[in-house]
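One structure below.
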Amino acid sequence: MPMSKFMVCHMQKFKMTDVKGLQIHNQREKESHSNSDIIQERTEQNYDLIHDKRKVDYKKFIQNRIDNGVVSNRAIRKDAVVCCSFMISASPDYMNSLSQAEQRRFFEESVCFLKARYGEENFVYASVHVDEKTPHMHVGMVPVNEKQKLSAYSFFKNKSELHDLQDKIYEHVKEKGFDIERGVSSDRKHLSTQRFKAVSLQQEIEKLEQEKKEIDSRLYDLASSLDQAKSVDEIPVKEKGGFIRSKMVEIASEDFDSIKSLAKSSESLRNENRRLKNEKIKIEREKDDLYKGQRFLERQVTDLKRENRGLKEANDFLKKTLERVKEMYKEKLPELAGVIGYVKGSILDKMNRKFLKRHFAGDDEVKGAQKFLNHKQEHEEQQKRLKQVRRSQQKNWDQGLER
Numbered sequence: 001m002p003m004s005k006f007m008v009c010h011m012q013k014f015k016m017t018d019v020k021g022l023q024i025h026n027q028r029e030k031e032s033h034s035n036s037d038i039i040q041e042r043t044e045q046n047y048d049l050i051h052d053k054r055k056v057d058y059k060k061f062i063q064n065r066i067d068n069g070v071v072s073n074r075a076i077r078k079d080a081v082v083c084c085s086f087m088i089s090a091s092p093d094y095m096n097s098l099s100q101a102e103q104r105r106f107f108e109e110s111v112c113f114l115k116a117r118y119g120e121e122n123f124v125y126a127s128v129h130v131d132e133k134t135p136h137m138h139v140g141m142v143p144v145n146e147k148q149k150l151s152a153y154s155f156f157k158n159k160s161e162l163h164d165l166q167d168k169i170y171e172h173v174k175e176k177g178f179d180i181e182r183g184v185s186s187d188r189k190h191l192s193t194q195r196f197k198a199v200s201l202q203q204e205i206e207k208l209e210q211e212k213k214e215i216d217s218r219l220y221d222l223a224s225s226l227d228q229a230k231s232v233d234e235i236p237v238k239e240k241g242g243f244i245r246s247k248m249v250e251i252a253s254e255d256f257d258s259i260k261s262l263a264k265s266s267e268s269l270r271n272e273n274r275r276l277k278n279e280k281i282k283i284e285r286e287k288d289d290l291y292k293g294q295r296f297l298e299r300q301v302t303d304l305k306r307e308n309r310g311l312k313e314a315n316d317f318l319k320k321t322l323e324r325v326k327e328m329y330k331e332k333l334p335e336l337a338g339v340i341g342y343v344k345g346s347i348l349d350k351m352n353r354k355f356l357k358r359h360f361a362g363d364d365e366v367k368g369a370q371k372f373l374n375h376k377q378e379h380e381e382q383q384k385r386l387k388q389v390r391r392s393q394q395k396n397w398d399q400g401l402e403r
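Per the UniProt record's numbering, residue 1 is the first one in the sequence shown, and the count goes up by one each step.
Here it is as structure tokens:
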């Protein structure tokens with residue numbers, strides 16, 4: 001069966017609330033119990049083509065790109081897409097046939113192409129996972145366009161852009177010397193990571209089934225050889241000897257040579273037969289394990305879709321609730337805005353972030369943030385005074401002891 005070697009390039013969009021999860025997964029910051037594909041012993045071999053072995057704060061890098069690259073009078077929407085994450089790989093057989101150096105070059109060429117297409121300054125990570133069955137790379141891009149707007153839509157307006165991306169990245173890596181084929185194009189939504197793994201498992205299952213067919217064919221050939229050995233019983237013989245001498249048989253010379261040849265090969269045929277049967281049993285077990293893994297991944301995809309629907313419903317409910325609260329307390333909105341501004345100021349301070357006008361929805365929120373800063377300053381001055389009093393008391397106490 002010829003090796004499958006198609007290119008894989010999928011893209012998913014993520015909001016700021018998703019970024020921490022991406023970071024935890026890509027940098028293996030927590031031990032995963034849901035991803036059975038991870039081989040813990042290999043995790044330390046993972047690397048990032050932008051940050052090497054360093055672990056970084058994705059949110060900080062993304063926010064920094066937005067702060068420095070986006071020009072807008074309006075605040076960034078909370079539900080805005082802030083990261084387009086590409087998954088780059090190839091079919092399992094092909095990726096595992098490459099040396100580590102060639103795998104790295106494959107990923108480097110892919111990142112080089114993406115940077116040239118979407119702007120090098122937009123890329124925040126290029127995380128390579130070699131601790132799973134199929135080596136692959138997650139590449140994160142902040143969608144800041146040439147007009148200095150944060151807009152994933154301007155990059156990926158329709159499916160034709162994604163199809164063109166798959167065409168061009170395949171052509172690029174092929175030009176760089178990789179014997180690879182373009183991934184099969186379809187009108188389906190691009191596969192998620194979990195779906196990709198399920199497809200990869202299916203390919204492994206098909207490969208094992210083909211190997212099983214080949215073993216069955218070889219077993220059949222062996223059975224034919226053994227049948228040939230049984231035909232020895234049909235060779236005509238003459239008996240000699242009797243009461244005094246041991247019995248002997250006479251056979252034709254060519255028949256004797258045939259028996260010698262069969263005797264030599266029969267043991268190796270039996271050993272080969274046993275080996276192939278054991279190999280067949282092993283493949284059946286591997287196939288069963290892969291089917292179980294595939295069913296597990298399919299269930300995960302279903303569960304994630306269900307969870308996503310639940311989160312969307314909860315988000316819609318919260319939006320409607322907030323609008324209702326605003327409507328009910330319209331007269332007290334300035335006071336409420338002041339409280340919101342105060343809380344925002346507290347959060348920005350904990351994050352060591354500058355207070356920028358775009359962080360606040362209006363003057364009342366700005367006043368609330370200023371109130372927080374005033375309180376913070378008063379608290380710091382109070383703490384200084386307390387320290388001075390304590391130092392003075394300690395000094396007086398020490399002097400009293402000396403007397």
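Glycine is no exception: its CB is placed at the ideal position from the N, C-alpha and C atoms. For clarity, every value in this text was computed on a predicted model and none was experimentally measured.
**Message:** Per the DSSP calculation, TYR47 is bridged to which residue(s)?
**Reply:** VAL128.
**Message:** Let's test the definition: count the other Cβ atoms within 10 Å of the Cβ of HIS33 and tell me whether it reaches 16, buried, or not, exposed.
**Reply:** Caution is warranted here: a pLDDT of 49 is assigned to HIS33, below 50, making its placement in the model unreliable, and the coordinate value is therefore given only provisionally. Of the other Cβ atoms in all chains shown, fewer than 16 fall within 10 Å of the Cβ of HIS33; this residue is therefore exposed.
**Message:** Give me the residue from VAL139, LYS13 and ASP349 with the minimum Cα distance to SER123.
**Reply:** The residue you asked about is not Ser; residue 123 is Phe in the sequence shown. Among VAL139, LYS13 and ASP349, the Cα nearest to that of PHE123 is on VAL139.
**Prompt:** What's the gap between the Cα of ASP187 and the Cα of LYS159?
**Reply:** Residue confidence is low: ASP187 scores 40 on pLDDT, short of 50, so the model does not pin down where it sits. No coordinate-derived value is stated.
**Request:** Report buried or exposed for ALA369, applying the criterion of at least 16 other Cβ atoms within 10 angstroms of its Cβ.
**Result:** Buried is the label assigned to ALA369, since at least 16 other Cβ atoms lie within 10 Å of its Cβ.
**Residue from LYS350, TYR342 and HIS375 with nearest C-alpha to ASP364** = The shortest Cα separation from ASP364 among LYS350, TYR342 and HIS375 belongs to TYR342.
**Prompt:** So which of SER127, ARG353, ASP289 and VAL389 has the shortest CA-CA distance to LEU22?
**Reply:** If we check each option's Cα against that of LEU22, SER127 comes out closest.
**Asked** If you check the beta carbons only, do PHE86 and MET11 fall under 7 Å apart?
**Response** At a Cβ-Cβ threshold of 7 Å, PHE86 and MET11 count as neighbours.
**Asked** Where does ALA152 fall in DSSP's three states?
**Response** Residue state, collapsed to three classes: helix.
**Request:** Go through its chain and collect everything with a Cβ distance to LEU98's Cβ below 7 Å, but skip five positions before and after it.
**Result:** Excluding sequence neighbours, LEU98 sits near PHE106.
**Request:** Can you say whether PHE317 is buried or exposed, counting buried as having 16 or more other CB atoms within 10 angstroms of its CB?
**Result:** Here PHE317 is exposed: its Cβ has fewer than 16 other Cβ atoms, across all protein chains shown, within 10 Å.
**Asked** What is the DSSP secondary structure of ILE39, counted as helix, strand or coil?
**Response** Coil, per DSSP.
**Asked** Looking at C-alpha atoms only, which residue of GLU323, ASP131 and LYS78 is the closest neighbour of GLN27?
**Response** Closest by C-alpha distance to GLN27, out of GLU323, ASP131 and LYS78, is ASP131.
**Item:** 8 Å Cβ shell around ASP52 - same chain, five flanking residues per side excluded
**Value:** Excluding five sequence positions before and after ASP52, none of the CB atoms of its chain fall closer than 8 Å to its own CB.
**Item:** LYS180 vs PHE113 beta-carbon contact at 7 Å
**Value:** With the sequence shown as reference, residue 180 is identified as Ile, and Lys is not the correct amino acid for it. Judged by beta-carbon spacing, PHE113 lies beyond the 7 Å limit of ILE180, meaning their Cβ atoms are not closer than that value.
**Request:** State the beta-bridge partners of SER160 as determined by DSSP.
**Result:** DSSP, once it has assigned bridges, lists no residue as partnering SER160.
**Request:** Report yes if the CB atom of SER89 is closer than 7 Å to the CB atom of HIS136, and no otherwise.
**Result:** Contact flag set, yes.
**Prompt:** Starting from HIS359 and walking both ways along the alpha helix (DSSP H), at which residues does that stretch end?
**Reply:** No alpha helix (DSSP H) holds HIS359; DSSP gives it neither H nor E.
**Request:** Tell me the start and end of each unbroken alpha helix (DSSP H) in the stretch 92-117 that is at least 4 residues and wholly inside, in chain order.
**Result:** For the stretch 92-117, whole alpha helix (DSSP H) runs of length 4 or above, ordered along the chain, are 92-97.
**Request:** Can you tell me which of the three DSSP states GLU335 falls into?
**Result:** In the three-state reduction of the DSSP assignment, GLU335 falls in the helix class, which pools H, G and I.
**Message:** On the CB-based measure, 16 or more other CB atoms within 10 Å of its CB, does THR302 come out buried or exposed?
**Reply:** Counting other Cβ atoms within 10 Å of its Cβ, THR302 stays below 16 and is therefore classed as exposed.
**Request:** Quick one: residues in its chain with C-beta nearer than 6 Å to the C-beta of LEU191, no 5 flanking neighbours on either side, listed in chain order?
**Result:** Summary for LEU191: the model assigns pLDDT 47, below 50, so the residue's position carries little reliability; its value from the coordinates is reported in the next sentence. Closer than 6 Å at the Cβ level, and outside the excluded window around LEU191, lie HIS10.
**Integer-rounded CB distance, given that VAL142 should sit under 8 Å from ILE62** = The beta-carbon distance between ILE62 and VAL142, rounded to whole angstroms, is 5 Å. This is short enough to meet the 8 Å contact definition.
**Asked** Would GLN148 pass as a contact of VAL70 if the rule is Cβ separation under 7 Å?
**Response** Taking 7 Å as the Cβ cut-off, GLN148 and VAL70 qualify as a contacting pair.
**Message:** Considering only DSSP beta bridges, list what GLN12 is partnered with.
**Reply:** Partner residues in the beta bridge of GLN12, as assigned by DSSP, are SER85.
**Asked** Can you give the Cα-Cα distance for ALA337 and ARG306, rounded to whole angstroms?
**Response** ALA337 and ARG306 have their C-alpha atoms spaced approximately 35 Å apart.
**Asked** Is it the case that the Cβ atoms of LYS60 and VAL19 are separated by a distance below 7 Å?
**Response** Against a cut-off of 7 Å, the Cβ pair of VAL19 and LYS60 comes out as no contact.
**Message:** Would MET7 and ARG182 qualify as a contact pair, given that the criterion is a beta-carbon distance under 7 Å?
**Reply:** Yes, they are a contact pair.
**Message:** Taking the straight line between their C-alpha atoms, what separation do you get for SER4 and ASN96?
**Reply:** Distance between the alpha carbons of SER4 and ASN96 is about 11 Å.
**Asked** Does the separation of the CB atoms of LYS13 and ALA152 fall below 7 Å?
**Response** Taking 7 Å as the cut-off, the Cβ atoms of LYS13 and ALA152 count as close.
**Request:** Whole angstroms is fine: what's the gap from ALA75's alpha carbon to LEU150's?
**Result:** Spanning the two alpha carbons is a distance of roughly 11 Å.
**Request:** Could you have a look at MET141 and say whether DSSP puts it in helix, strand or coil?
**Result:** Of the three classes helix, strand and coil, the one that applies to MET141 here is strand, per DSSP.
**For MET328, the three-state DSSP class (helix, strand or coil)** = Under the three-state reduction of DSSP output, MET328 falls in the helix class.
**Inter-residue Cα distance where the pair is VAL111 and ASP79** = Going by C-alpha positions, VAL111 is about 27 Å away from ASP79.
**Outcome for SER392 when other beta-carbon atoms lying within 10 angstroms are tallied against a minimum of 16** = Around the beta carbon of SER392, a 10 Å sphere encloses fewer than 16 other beta carbons of the protein chains shown; the residue is thus reported as exposed.
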